[in-house]
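Asker:
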Amino acid sequence: MNVFRLTGDIAHLLAIILLLMKIWKTRSCAGVSGKSQMMFALVFTTRYLDLITNFISLYNTTMKMIFIASSYGTLYLMFLKFRATYDSNHDTFRMEFLVVPVAGLSFLVNHDFSPLEILWTFSIYLESVAILPQLFMISKTGEAETITSHYLFALGSYRALYILNWVYRFYFEGFFDLIAVVAGCVQTVLYCDFFYLYITKVWKGKKLTLPA
Amino acid sequence: EICSMPKDEL
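Chains as they are written, first to last, in the working numbering: chain A, 1 to 212; chain B, 1001 to 1010.
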């Protein structure tokens, strides 16, 4: 464990808490992409299958359970409890355009052709593009609530911090996982446009609006 | 070298 990975995991946990807070306090999931949240739940489900079989540490097991529980909790809030506030008209990104190629790629490019490894690879590839429906939705509505922009900033920062963690582990532990690094870089690059808007607007107290 | 260590990362 190193400081980059720890802060990355905390940023990830913060993002999930911010989203749950936003939905619970505003009693609305307006501006949040249900499709991205469905893909995040799929990411955690396919990545943490070893939760039962492979104990690594109490921290690892606890965080995995929190991530799985909160992702399904978010789906419950969005599609059941506050379903009336779900903005399906603007959440129109075709998930199959992401899930199918990612599934195909995880069969072609992986470290080991075993079910658990292919599912892990699938979850890594899927996570790198899972935010696209959310970013697409913001581009369609042209704006995002401030707390939603904080959620996205924390979520984007988590994988950026993981890149620093992989640099650290490469030099100090000789650990290098090409699949995780490439997918992590793609994932972080997808946030660049949002990071620019967030830093130039939200940090100046303005609302996050996209140039028309 | 590429090594897929046990998945100790989240």
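Here a beta-carbon is modelled for each residue, glycine too, at the ideal position from N, C-alpha and C.
Closest Cβ-Cβ distance between I118 of chain A and chain C: below 8 Å?
Answerer: The question asks about chain C, but that chain is absent: this structure's protein chains are A and B.
Asker: Contact check, T7 of chain A vs L161 of chain A under 8 Å by CB: the rounded distance?
Answerer: Going by Cβ atoms, the distance from T7 of chain A to L161 of chain A rounds to 5 Å, so yes, they are a contact pair.
Asker: Can you check which of these residues, A:Y86, A:L49 and A:A30, is closest to F122 of chain A by C-alpha distance?
Answerer: Ranking the options by Cα distance to F122 of chain A, first place goes to A:L49.
Asker: Could you pull out every residue in the same chain whose Cβ sits closer than 6 Å to the Cβ of Y168 of chain A, ignoring the five residues on either side in sequence?
Answerer: Once the five neighbours on either side are set aside, the close Cβ partners of Y168 of chain A are N2 and F4.
Asker: Please report how far the alpha carbon of A15 of chain A lies from the alpha carbon of Y196 of chain A, in whole angstroms.
Answerer: Going by the C-alpha atoms only, they are around 18 Å apart.
Asker: Decide if P133 of chain A is buried, meaning its Cβ has at least 16 other Cβ atoms within 10 Å, or exposed.
Answerer: Label assigned to P133 of chain A: buried.
Asker: Report the option in A:D177, A:S149 and A:M78 whose CA atom is closest to the CA atom of Y191 of chain A.
Answerer: Here the closest residue by C-alpha is A:S149.
Asker: Apart from the five residues on each side of it in sequence, which residues of its chain come closer than 6 Å, Cβ to Cβ, to D87 of chain A?
Answerer: Closer than 6 Å at Cβ, skipping near neighbours: A30.
Asker: Short check: CB of I68 of chain A to CB of I124 of chain A, under 8 Å?
Answerer: No, these two residues do not count as a Cβ contact at 8 Å.
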